[in-house]
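J.: My questions will all concern the structure given below.
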Amino acid sequence: MEPFLISQSSHQGGARLLLSGLGALMGLMLFTVLFAEQFNLWLALAYIAAGMAVFLGFAKLAEPRHFLKCDEAGVHFFHRYGSWLLPWHSFQYCAVPQLEHQDLSFIGFKVTDYDALLQPLRLRLAVRLMTEQRPLFLSAVKQGCATGQCASELLTEKDLFSTKNHTYNGVKAVFGQRMHRLAQASGFEVFVSCSLSAEQTAALCQQINQLRLQMIQNTAT
């Protein structure tokens, strides 16, 4: 099959924002040297705004151009700190997850083979994903705890995490535990942040699920 690449809308406009910020900074410096009698509050705010534009432009450009790729191997996720792969046989389906009956800006994957993800997962990426998705994790745990008394128990992280075939420690153990707890609370083990519209995200999930069925059937035959 031809690789299927999906881009984030958040990546767009990075170069324009960066150039606009740099142009604004140069204009402000020229104005300060030639015309400003003193450095006042409004000028300081203008410098801050231009600096923020430069920072956000760099941040957008640092993001991978494509955040997902589907090919014969499976679904690849790309992050500025690395990537992971979910082989087609390692998940059952993907969909837009919900918390408190509200669609989230994520794609959730129902993983059936933890080892396929955990074995090659780079620690740096695992730490970054857990940090970025901590608010999601806390919200999911809160929703999955009807009385509010079990949250502290669910947030306790153990030193080891075991599947049928492997035992993990350290960062991978914590990541595996979070996958399991997210599944208990939301039905999905792995989440991918998505800046596409709700309709585009739902259509993308449907397309990935169709590709998965095709690849599984092709493998079986």
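Position in the sequence shown counted from 1, then plus 14, gives you our numbering. Where a beta carbon is used, it is the ideal one built from N, C-alpha and C, also for glycine.
Using the rule of at least 16 other Cβ atoms within 10 Å of the residue's Cβ for burial, across every protein chain shown, is Pro134 buried or exposed?
T.: Burial call: exposed.
J.: What runs of the alpha helix (DSSP H), each 4 residues or longer, lie entirely inside the region 118-195?
T.: Correct list: 128-132, 137-146, 148-157 and 165-169.
J.: Name the residue from Tyr61, Phe92, Ser34 and His103 whose alpha carbon lies nearest to the alpha carbon of Leu227.
T.: The option with the nearest alpha carbon to Leu227 is His103.
J.: Based on DSSP bridge pairs, tell me the residues matched to Trp98.
T.: Paired residue(s): Phe91.
J.: Mapping DSSP to helix, strand and coil, what is Val204?
T.: Val204 falls in the strand class under three-state DSSP.
J.: Looking only at DSSP bridge pairs, what is Ser14 linked to?
T.: The structure shown has nothing for residue 14, since the chain only spans 15 to 235.
J.: Looking at the secondary structure, which residues open and close the beta strand (DSSP E) in which Phe18 lies?
T.: Run containing Phe18: Phe18 to Ser21, per the beta strand (DSSP E) assignment.
J.: Identify whether Ala50 lies in helix, strand or coil by the three-state DSSP scheme.
T.: Three-state result, Ala50: coil.
J.: Distance check for Leu132 and Tyr182, CA to CA, integer angstroms please.
T.: Straight-line Cα distance between these residues: approximately 9 Å.
J.: Would you mind sorting Ala140 into buried or exposed? The rule is 16 or more other CB atoms within 10 Å of its CB.
T.: Under this definition Ala140 is a buried residue.
J.: Verify whether the separation of the beta carbon atoms of Val188 and Glu171 is less than 8 Å.
T.: In this structure, Glu171 lies closer than 8 Å to Val188 by Cβ.
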